[in-house]
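Residue numbers (the working numbering), protein chains in the order written: chain P, 1 to 114; chain F, 1 to 113.
Scroll down for the structure; my scribbles are underneath it.
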């Protein structure tokens with residue numbers, strides 16, 4: 001079955017620690033995205049990538065970093081510079097920027113601070 | 001600045017009746033609109049979309065209406081079922097933003113049996 005896999009489902013971070021959230025897709029999609037959801041808010045875009053080895057900042061990129069070395073993978077690192085990292089993180093993918101196609105989402109990773 | 005707004009945080013409807021969820025947007029360049037359904041602790045699931053060249057798109061019990069002059073779209077669910085209880089997000093994108101999607105804050109729908 002094609003889809004998007006996020007791992008882990010739950011993640012705990014100590015103060016001053018970097019953590020990496022995994023996102024893998026087997027949909028052969030060119031574009032991948034990371035969003036953050038906080039209670040009572042919509043999805044806010046952190047980073048997105050339209051092709052391998054290229055990515056752009058979204059609206060709230062500060063304190064986060066990404067890489068896109070493979071088409072299938074788009075890991076997100078939450079660095080110690082992110083002062084309020086507790087949130088629900090969602091990864092998504094779509095065919096690409098030139099097509100009106102929906103984004104498909106993984107089931108998310110909930111990050112909490114110890 | 002929120003470019004896509006859902007002004008009703010919650011909505012309750014009796015089973016079998018119509019549910020109408022509303023969404024407003026400010027960017028006139030948006031040309032593709034979507035609705036997603038989300039259960040707790042899961043990712044959003046794509047429900048239905050509409051291109052700006054249309055004013056209506058229907059898929060089974062779900063119909064999306066687009067009023068470009070009012071910059072307003074709505075999702076109609078008829079008849080509503082208890083399994084429809086979830087949070088619904090509307091989203092919009094424009095080709096000149098590289099297919100970047102902008103999401104509303106969501107409306108929590110409760111269908112009462």
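By construction, the Cβ of each residue, glycine as well, lies at the ideal position given by its N, Cα and C atoms.
Amino acids of chain F, ordered along the chain, whose beta-carbon sits closer than 9 Å to that of residue 8 of chain P: Going along chain F, no residue has its Cβ under 9 Å from residue 8 of chain P, so there is no contact; the nearest lies around 13 Å.
CB contact below 8 Å: residue 104 of chain F versus chain P: Yes, contact with chain P.
Exposure of residue 4 of chain F, with buried meaning 16 or more beta-carbon neighbours within 10 Å: Answer is buried; the Cβ neighbour count reaches 16.
Cβ-Cβ distance between residue 35 of chain F and residue 20 of chain F below 8 Å: For residue 35 of chain F and residue 20 of chain F, no; Cβs fall outside 8 Å.
Assigned exposure category for residue 17 of chain F - 16 Cβ within 10 Å defines buried: Exposed, because fewer than 16 other Cβ atoms sit within 10 Å of the Cβ of residue 17 of chain F.
Backbone CA spacing between residue 68 of chain F and residue 52 of chain F [nearest angstrom]: Each residue's Cα considered, the two are about 7 Å apart.
Through-space distance from residue 106 of chain F to residue 61 of chain F, alpha-carbon basis: Between residue 61 of chain F and residue 106 of chain F, the C-alpha separation is close to 20 Å.
Residue environment, residue 41 of chain F, which counts as buried when at least 16 other CB atoms sit within 10 Å: Exposed, since its Cβ has fewer than 16 Cβ neighbours within 10 Å.
Which listed residue (P:46, P:42, P:50) has its alpha carbon closest to that of residue 60 of chain P: Residue P:46 is the option with its Cα nearest to residue 60 of chain P.
Span separating the alpha-carbon of residue 33 of chain F from that of residue 26 of chain F: Residue 33 of chain F and residue 26 of chain F: Cα-Cα distance of roughly 13 Å.
CA-to-CA distance, residue 73 of chain F to residue 54 of chain P, given in whole angstroms: In a straight line, the C-alpha of residue 54 of chain P is about 33 Å away from that of residue 73 of chain F.
Under 7 Å from the C-beta of residue 100 of chain P: neighbouring residues of chain F: Correct list: 32, 51.
Bridge partner(s) assigned by DSSP for residue 72 of chain F: F:24, F:67.
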